[in-house]
Amino acid sequence: MLTDMLLLLPTTLIDGLVLGLIYASIALGYTMVYGVLGLINFAHSEVFMVGAIVAIEVLIYGLAGTGLHPLIQLVVAIAVGGLAAGFLAVAIERVAYRPLRVRNAPRLVPLITTIGVSLFLQDSVRFVESLFGQFIRPFPSFPFFNRQIVLSETVFISNRTLAIIVLAVTLLAGLYYMVHRTRLGKAMRAVALDQKTSQLMGINVNKVIATTFFIGGVAGGVAGVLYALQFGRMDPFSGFIPGIKAFTAAVLGGIGSVEGAVLGGVLLGILEVVLGTYIPMWTNNAIGTEYKDIIAFSILILILIFRPNGLVGRAYAEKV
Amino acid sequence: MTPLLTITGLSKRFGGLVAVHDVTFDVKEREIASVIGPNGAGKTTFFNLLTGIFRADAGEIRFRGRNLLGLRPDQIAAAGVARTFQNIRLFGAMTTLENVLVGQHANIATSYLDALLRNRAFLQRERAAIERGRFLLDYVQLGSKAAEIAHNLSYGEQRKLEIARALAANPALVLLDEPSAGMNPRETGEMRDLIHRIRDELGISVVLIEHDMPLVMSVSDRVIVLDHGEKLCEGLPAEIRSNPRVVEAYLGRSVAAKLAKAHDALVEVTQ
Amino acid sequence: MSGWHPSTMRSVALLAYAGVFACLKIWVFTGSSLIDTCIFMAVLASIFFATTDNVAPWASRTVLAAILLFVLPVVGLANTFYLDVTTQVAIYAVLALGLNIVVGLAGLLDLGFIAFFALGAYLWAILGSTQASMFLPGSFPLPAEAFFLVLPIGVGVAALAGILLGLPVLRLRGDYLAIVTLGFGEMVRILANNLDKPVNITNGPQGIAGIAQPLNGLAIALATDAVPEYKWQALIYYFFVLCLIGCAILVNRRLDASRIGRAWVAIREDEIAAQAMGIPLVATKLIAFATGAAMAGGVGVLFAAKQTYVSPESFDFNQSIAVLAMIVLGGLGSIRGAVLGAAAVTLLNLQVLKVLSAWLNTMRADGVEFLGFSFANLPAQFEPSKYERLIFGIILIIMMLYRPQGLVPAKRKNIGIDVDSSTGKPGNQA
Ligand SMILES: Nc1ncnc2c1ncn2[C@@H]1O[C@H](COP(=O)(O)OP(=O)(O)O)[C@@H](O)[C@H]1O
Ligand SMILES: [Mg+2]
């Protein structure tokens with residue numbers, strides 16, 4: 006059995022990395038919005054889901070039969086899905102959150118609103134999709150993505166895996182650059198620290214917040230497409246749990262920080278896949294893969310108890 | 132007589148910013164001490180350290196011989212230190228009277244079971260608390276507003292309610308953070324009387340953060356000046372008024388220098 | 164007439180209203196069609212009107228006693244559908260009252276509240292059926308009357324679970340609590356779903372059936388040809404849940420009007436100020452958490468008995484959200500609001516969506532065409548009864564944006580007692 010486990014290890018780690026990079030990309034949206042507004046945006050998981058569904062629609066209705074290379078098709082679908090998700094996120098902010106910000110509502114109010122938006126979007130997408138027949142959307146199959154690259158006798162990597170890793174890493178690197186090296190990033194960090202002062206310094210706070218939602222939304226949408234590619238399908242309710250886990254990843258890394266989201270995401274992804282694979286083996290399936298969500302939530306609770314500011318996060322004292 | 136409150140070498144930093152540095156001072160029984168200093172001097176942070184809202188990096192806080200350092204804010208309140216906030220922090224949705232009742236939280240001995248059973252003990256204590264609450268509201272001239280929702284009160288009334296709420300905790304020391312901020316001269320006059328009455332009638336010591344110099348000079352037994360987190364000097368109001376370093380801290384070096392020059396010139400002329 | 168006090172006028176109007184609709188319901192609209200249901204809701208509404216501040220206490224008590232102890236049982240025995248609906252509403256109302264303490268008063272957003280309900284329900288489901296013999300020594304099911312022992316145990320177990328979860332989590336910044344409780348709720352559901360192996364504790368997704376019904380002997384003894392056993396059993400549950408809701412309201416009111424309730428609201432309004440006023444945060448929040456959980460646990464035990472069947476499906480995230488939607492709709496912190504919200508959301512879910520679904524299905528079956536759209540083409544997946552999330556989502560968004568205080572805002576009128584009167588009579592509460 007030990008040899009079985011060893012044989013499985015490389016694939017398990019790679020699968021964990023893929024899942025982790027996807028979590029990291031989703032986590033960015035949570036962490037950026039939390040950093041700027043101090044708000045858990047529960048609707049972010051639906052932004053993720055919409056990105057994936059739009060991309061699948063584009064592949065099915067727009068690109069099928071065009072004969073373009075699968076990679077090009079994927080990139081186009083990602084671009085459209087990501088943009089749709091970004092605009093959706095901005096629209097949500099505009100319609101549901103900004104009015105509350107303006108009237109300075111008690112903190113529970115926007116939080117409950119984000120939950121409402123999340124539920125509303127799930128069933129709205131279900132409604133629209135079921136008008137066209139099926140609301141569970143399989144990702145179109147491309148033989149290209151299933152092709153394996155042989156790395157060694159026991160280690161293979163599929164084109165799919167490789168594509169996801171490359172795209173996710175590009176996305177994360179781009180976002181890191183944006184937050185740390187550009188004026189926009191600086192403005193975002195200023196708004197996060199103190200909205201009033203930023204306003205006085207000539208920063209257009211509303212615009213910065215909208216941009217934050219847009220960027221987070223795009224990242225979430227792209228992550229959604231990658232997720233659908235990896236697991237082969239997406240439906241209106243499949244955003245929710247990955248969303249919660251990505252939030253866990255953001256907390257694990259240290260909420261408000263891009264590096265933290267990446268670190269937390271990758272760690273959580275690998276832990277989930279490794280434990281999800283090996284625990285059933287160790288326990289002879291007495292504890293099955295169904296428990297992987299329990300593992301993720303337990304990790305969340307444990308971090309919050311022992312390291313509430315995350316792995317790289319800094320403690321922060323509310324001004325009194 | 133041992134002082135009520137003794138603070139030694141108190142320090143606090145936020146990242147690279149030293150907000151309070153090595154502050155030492157004490158407050159005697161039945162004393163009104165004022166802390167003054169320019170904005171950002173660390174006065175509010177000093178209160179936050181005293182009340183346990185922030186944890187001091189170094190130093191010691193002794194209150195009636197007991198070490199307060201490391202206690203939670205609620206424990207410090209129960210030990211007899213109550214406060215108000217610079218940015219008013221009332222319980223906005225509660226009535227004025229309820230706000231004062233919350234202040235008495237630690238002094239009402241009803242248990243969960245008493246509350247559920249609504250027994251004699253509960254009713255008695257509740258009645259006593261309400262009576263005391265009304266007394267305190269009258270004390271700050273808010274008696275007629277007992278049933279008003281706190282966030283509907285005027286600004287000045289909210290400041291007074293914060294003081295009543297702090298007094299409700301039955302403290303030996305109250306910390307008032309800019310109680311007259313935003314008040315008109317008449318209200319400021321009332322505030323001066325109130326501070327005096329708190330000490331004279333209720334026997335409670337007061338530490339006051341204030342920018343209104345006439346108020347500070349007329350109520351304080353002693354004044355402490357903070358600048359950039361450090362204690363600049365300490366003394367009787369009259370001493371502080373004439374201390375050039377204080378003027379400098381408030382107005383900046385160049386203005387102070389000009390003032391000093393003008394002063395010298397004036398002295399020359401008059402001689 | 165003009166010499167009458169306005170409150171007397173209102174009281175008379177209330178009596179007339181309640182009387183008219185009660186009579187209509189008992190003698191005229193006895194069926195369960197849409198109009199019958201509307202009349203029934205009008206009868207229920209008299210409970211709502213009877214609990215406003217501005218009617219005289221005598222009128223209010225008369226109407227409440229008459230409706231709750233006479234009209235509803237009579238209507239229900241004639242047509243148990245109404246008894247079931249009322250019991251269902253009341254079960255959710257108890258849940259809403261429990262969550263009202265946690266979210267409404269203390270301001271702690273708990274998104275896994277239904278887990279405590281599940282604990283209570285599974286407790287009786289396991290002990291009150293043969294399920295327990297799968298992993299416990301002894302003879303099961305327990306006798307049905309053990310229900311009365313298990314009910315307080317369920318309350319205790321849920322309270323304990325609340326404390327165990329709250330202890331680490333309540334130290335955290337408030338919004339993390341939302342996500343952790345959500346995770347906890349999911350964990351409990353996943354456990355219920357999977358703990359059929361290695362030891363069969365919950366019987367997994369199939370759920371547990373054949374749960375013992377308390378006082379079944381009484382129902383059998385009362386049974387006649389006209390009123391069979393199952394109707395009496397439904398009536399027994401009705402009275403049970405009436406007791407529970409009474410307890411829940413009492414606990415809400417009394418705690419709210421004590422230093423504990425004031426501490427909760429103070430924490431909700433401003434945590435830092437509350438702590439600086441001497442309120443220990445973690446302990447006070449734990450009390451809120453445990454009190455809310457206890458109510459859910461207790462009513463969970465009753466739920467298992469009433470349904471005689473539990474499965475993990477009844478305790479998913481949607482259910483937690485349903486309870487949240489109830490108190491948001493009614494008004495956070497408001498007792499009448501919680502009950503009204505429970506009634507509105509339950510009826511909406513139970514009735515409106517189902518009716519809509521059935522209606523669409525007939526149209527599909529008949530191939531009705533409307534503006535060129537043929538209902539026959541309606542996809543099978545288009546199933547309105549499943550759109551609860553849409554409803555909850557809309558309730559949450561609209562209320563938060565346009566009426567955050569809810570339909571029946573909590574009134575912080577004052578303190579529970581009147582200093583001037585020496586009777587110690589409770590004052591009016593929101
Ligand atoms: N929670 C905090 N985090 C970071 N910096 C803080 C915090 N609280 C206060 N400061 C900083 O500490 C310094 C002193 O502030 P404060 O005590 O409020 O001054 P004062 O009350 O004398 O005006 C200021 O520079 C302020 O920005
Ligand atoms: Mg200050």
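Protein chains in written order, with my numbering: chain Y, 6 to 325; chain V, 132 to 402; chain P, 164 to 593. Ideal Cβ placement from N, Cα and C applies to all residues, glycine included. The structure presented is a predicted model; accordingly, all values stated were derived computationally and were not measured.
Would you report the Cα separation of residue i and residue j, rounded to the nearest angstrom?
{"i": "Ala-219/P", "j": "Ile-399/P", "result": "31 Å"}
{"i": "Ser-584/P", "j": "Ile-299/Y", "result": "Model confidence at Ser-584/P stands at a pLDDT of 36, short of 50, so the residue's coordinates are unreliable; what they give is reported in the following sentence. Spanning the two alpha carbons is a distance of roughly 56 Å."}
{"i": "Thr-202/Y", "j": "Ala-150/V", "result": "19 Å"}
{"i": "Val-154/V", "j": "Tyr-39/Y", "result": "36 Å"}
{"i": "Asn-209/Y", "j": "Ala-195/Y", "result": "11 Å"}
{"i": "Lys-588/P", "j": "Ile-442/P", "result": "No answer about Lys-588/P holds up, because its pLDDT of 36 lies below 50 and its placement is not dependable."}
{"i": "Glu-176/V", "j": "Ile-219/V", "result": "Strictly speaking, residue 176/V in this sequence is Thr, with Glu absent from that position. Cα-Cα distance, rounded: 16 Å."}
{"i": "Tyr-381/V", "j": "Asp-188/V", "result": "27 Å"}
{"i": "Ile-207/V", "j": "Thr-182/V", "result": "6 Å"}
{"i": "Thr-282/Y", "j": "Lys-212/Y", "result": "45 Å"}
{"i": "Asn-366/P", "j": "Ala-288/P", "result": "11 Å"}
Helix, strand or coil for residue i per DSSP?
{"i": "His-152/V", "result": "strand"}
{"i": "Val-175/P", "result": "helix"}
{"i": "Met-225/V", "result": "coil"}
{"i": "Ile-184/V", "result": "coil"}
{"i": "Lys-448/P", "result": "helix"}
{"i": "Lys-574/P", "result": "coil"}
{"i": "Ile-423/P", "result": "helix"}
{"i": "Pro-567/P", "result": "coil"}
{"i": "Gln-153/Y", "result": "strand"}
{"i": "Val-354/V", "result": "strand"}
{"i": "Phe-144/Y", "result": "coil"}
{"i": "Ala-240/V", "result": "coil"}
Counting only C-beta atoms, is residue i closer than 7 Å to chain V at any point?
{"i": "Val-325/Y", "result": "yes"}
Would you say residue i faces chain Y, with C-beta separation under 7 Å as the test?
{"i": "Asn-179/V", "result": "yes"}
{"i": "Asp-338/P", "result": "yes"}
{"i": "Tyr-180/P", "result": "no"}
{"i": "Asn-263/P", "result": "no"}
{"i": "Phe-555/P", "result": "yes"}
{"i": "Ile-329/V", "result": "no"}
{"i": "Ile-560/P", "result": "yes"}
{"i": "Ile-294/V", "result": "no"}
{"i": "Gly-370/P", "result": "no"}
{"i": "Ile-163/V", "result": "no"}
{"i": "Met-489/P", "result": "no"}
Of all Cβ atoms in chain P, is any one closer than 7 Å to the Cβ of residue i?
{"i": "Ala-291/Y", "result": "yes"}
{"i": "Gln-127/Y", "result": "yes"}
{"i": "Gly-173/V", "result": "no"}
{"i": "Thr-294/Y", "result": "no"}
{"i": "Gly-234/V", "result": "yes"}
{"i": "Asp-298/Y", "result": "yes"}
{"i": "Thr-36/Y", "result": "no"}
{"i": "Ala-240/V", "result": "no"}
{"i": "Pro-247/Y", "result": "no"}
query: Per the contact definition of three or more C-beta pairs closer than 8 Å, is the stretch 56-68 of chain Y in contact with the stretch 290-306 of chain Y?
result: They do not touch, by the three-pair rule.
- prompt: Under a criterion of Cβ closer than 5 Å to any non-hydrogen atom of ligand 1, which residues qualify, in chain order?
  reply: Any heavy atom of ligand 1 counts here; residues with a Cβ closer than 5 Å to one of them, in chain order, are Ala-322/Y, Lys-324/Y, Phe-145/V, Ala-150/V, Asn-170/V, Gly-171/V, Ala-172/V, Gly-173/V, Lys-174/V, Thr-175/V, Thr-176/V.
task: For the stretch 344-354 of chain P and the stretch 267-284 of chain P, state whether three or more C-beta atom pairs, one from each stretch, are separated by less than 8 Å.
output: yes
- prompt: Is there contact between the stretch 331-342 of chain V and the stretch 304-317 of chain V, where contact requires at least three CB pairs shorter than 8 Å?
  reply: yes
- prompt: How about the stretch 113-127 of chain Y and the stretch 559-571 of chain P: do they share at least three Cβ pairs that are nearer than 8 Å?
  reply: Contact between the stretch 113-127 of chain Y and the stretch 559-571 of chain P is present, with at least three C-beta pairs closer than 8 Å.
query: Is there contact between the stretch 265-282 of chain V and the stretch 225-236 of chain V, where contact requires at least three CB pairs shorter than 8 Å?
result: yes
The stretch 138-150 of chain Y / the stretch 228-244 of chain Y touching (three or more Cβ pairs under 8 Å): yes
- prompt: When the Cβ atoms of the stretch 500-512 of chain P are set against those of the stretch 243-259 of chain P, are three or more pairs found closer than 8 Å?
  reply: yes
- prompt: Are there three or more Cβ pairs, one per stretch, closer than 8 Å when the stretch 211-227 of chain Y is compared with the stretch 89-100 of chain Y?
  reply: yes
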